[in-house]
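Below is one structure, written out as structure tokens; comments come after it.
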Amino acid sequence: MLSIVIPLFNEEENIPKLYERIVGASPTWNSAFEAILVDDGSTDRTLSLLRKLYQKDSRFKYISFSRNFGHQTAVSAGLRYTTGDVIAVIDADLQDPPEELYRFLDKWRQGYQVVYGVRTKRKENIFKRSAYYIFYRILAWCSSIKIPLDSGDFCIMDRTIVDWLNVMPERNRFVRGLRSWIGYRQIGIPYERHKRFAGEVKYTFQKLLRLALDGMIDFSYRPLQVSGIFGLFICFFSLVSIVFFFLHRILGFRVFGYSPQDVPGFTSLILATLFLGGAQLTTLGLFGEYLGRIFDEVKQRPLYIVKEQDGFETKKEAYNTATLLPGDIRI
Numbered sequence: 001m002l003s004i005v006i007p008l009f010n011e012e013e014n015i016p017k018l019y020e021r022i023v024g025a026s027p028t029w030n031s032a033f034e035a036i037l038v039d040d041g042s043t044d045r046t047l048s049l050l051r052k053l054y055q056k057d058s059r060f061k062y063i064s065f066s067r068n069f070g071h072q073t074a075v076s077a078g079l080r081y082t083t084g085d086v087i088a089v090i091d092a093d094l095q096d097p098p099e100e101l102y103r104f105l106d107k108w109r110q111g112y113q114v115v116y117g118v119r120t121k122r123k124e125n126i127f128k129r130s131a132y133y134i135f136y137r138i139l140a141w142c143s144s145i146k147i148p149l150d151s152g153d154f155c156i157m158d159r160t161i162v163d164w165l166n167v168m169p170e171r172n173r174f175v176r177g178l179r180s181w182i183g184y185r186q187i188g189i190p191y192e193r194h195k196r197f198a199g200e201v202k203y204t205f206q207k208l209l210r211l212a213l214d215g216m217i218d219f220s221y222r223p224l225q226v227s228g229i230f231g232l233f234i235c236f237f238s239l240v241s242i243v244f245f246f247l248h249r250i251l252g253f254r255v256f257g258y259s260p261q262d263v264p265g266f267t268s269l270i271l272a273t274l275f276l277g278g279a280q281l282t283t284l285g286l287f288g289e290y291l292g293r294i295f296d297e298v299k300q301r302p303l304y305i306v307k308e309q310d311g312f313e314t315k316k317e318a319y320n321t322a323t324l325l326p327g328d329i330r331i
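Under full-length UniProt numbering, read the sequence shown as residues 1 to 331, first letter to last.
Below is the structure:
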């Protein structure tokens, strides 16, 4: 069976069309399916529409969070509720077309454990497209593992992959990075990412920046290494400067005809001080990001809290290899 995980946040305008297109595409999958719709603390009519949808079609199950916990957490929660042999992740705004899933399933049947979408075209504005392009290249450079360029959460995964994802206890989750870290046979399929069907974009610039930081910091020590190399370079430059000024003071030594007395005022000193001060604060902020993530982990708070759910039997039959984690707490 195919399980489809769909995170939602204030998606009341998209739910009817989402249902129509999933049901319309399902005959091409040659498989029974269930849809796990995760309401990430919506403030519009999303939850009431999910209730009605489940009454109409029991294949469309739902869970609803007590507040907004974030897109990546919603995906992680949905994965914990799946029961299928193969699991798909798509967004509710229909930018990731469900009609493409049959191609992904064909690759899964050929023996690939992960089949992910590679975005060849995007229908966002040029600023957002450029930001994504730069982000994926910086992430590829920073990461200690190979995270495919221009791939998102749109994918299908074998049950083995999902079971491994479910036992990973990270609080700051970057699902596509965790998916790559697990390994196994993975392959990308190019597709055109469509415009949002309706409603406003939920990933603001601030959220995208947060996601980028999660990806770069959670999967690499390179930012720390770069700051260390930069510090060594500054130390080397300082030592050279000390030798130069010492030789000038003792021997009247000049480099390319230059002497410190040739520079009146303190402009260069002020600029150097400001530059080094900014570099120190940037490095301190970087350390703070790593330290903050450690703080989040040691608090051991639940990853999410479910206030309502429907369509599920007793929890944890499907988690044959996973441990029940704090994120499974619900009220």
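Glycine included, each C-beta is placed from N, C-alpha and C at the ideal position. Computed from a predicted model, the values in this text were never measured in an experiment.
Point to revise | Same chain only: Cβ atoms within 7 Å of E89, ignoring 5 sequence neighbours per side | key: Per the sequence shown, the amino acid found at residue 89 is Val instead of Glu. Only V5, V75, D153, F154 and C155 meet the Cβ criterion.
Review point. What runs of the alpha helix (DSSP H), each 4 residues or longer, lie entirely inside the UniProt domain "Glycosyltransferase 2-like" (3-162)?
Key: 15-25, 46-56, 71-80, 101-109 and 126-142
Check your understanding: Excluding sequence positions up to five away, which residues of its chain have a Cβ less than 7 Å from the Cβ of Q164?
Key -> First, the residue type needs correcting, since residue 164 is Trp and not Gln in the sequence shown. Around W164: I182.
Check your understanding: If you count every other CB in all the chains shown that lies within 10 Å of the CB of R301, and 16 or more means buried, which is it?
Key -> R301 sits exposed, since fewer than 16 C-beta atoms from the chains shown fall within 10 Å of its C-beta.
Point to revise | Residue closest to R173, alpha-carbon to alpha-carbon, out of G70, I234, S3 and D40 | key: The residue with the shortest Cα to Cα distance from R173 is G70.
Review point. First and last residue of the beta strand (DSSP E) that includes G188?
Key: Q186 to E192
Check your understanding: Between A92 and E12, is the Cβ-Cβ spacing less than 8 Å?
Key -> no
Practice item. Would you kindly check if the distance between the Cβ of Q113 and the Cβ of R21 is under 8 Å? Key: no
Review point. Of the choices H194, S66 and K61, whose alpha-carbon is the least far from that of T83?
Key: Relative to the Cα of T83, the nearest Cα in the group H194, S66 and K61 belongs to K61.
Point to revise | First through last residue of the beta strand (DSSP E) which encompasses V306 | key: Where V306 is concerned, the enclosing beta strand (DSSP E) stretches over V306 to D310.
Review point. Given a threshold of 16 other Cβ atoms within 10 Å of its Cβ, counted over all protein chains shown, does T120 qualify as buried or as exposed?
Key: By the neighbour-count rule (16 or more Cβ atoms within 10 Å), T120 is not buried but exposed.
Exercise for review: State the DSSP-derived secondary structure class of R301, mapped to helix, strand or coil.
Suggested key: coil
Point to revise | Sequence-distant residues of its chain with Cβ nearer than 6 Å to G41 (five each side left out) | key: Counting only Cβ-Cβ distances below 6 Å, and skipping sequence neighbours, we find F65, R67 and N68.
Exercise for review: Check F174 in the structure and name its three-state DSSP category.
Suggested key: coil
Exercise for review: Take A25 and list the residues in its own chain whose beta-carbon comes closer than 6 Å to its own, dropping the five residues that flank it on each side.
Suggested key: P98 and E99
**Study point:** 7 Å Cβ shell around G312 - same chain, five flanking residues per side excluded
**Key:** Per the sequence shown, residue 312 should be read as Phe rather than Gly. Result list for F312: K61 and Y81, in chain order.
Check your understanding: What's the call for P16, buried or exposed, on a 16-neighbour Cβ count within 10 Å?
Key -> exposed
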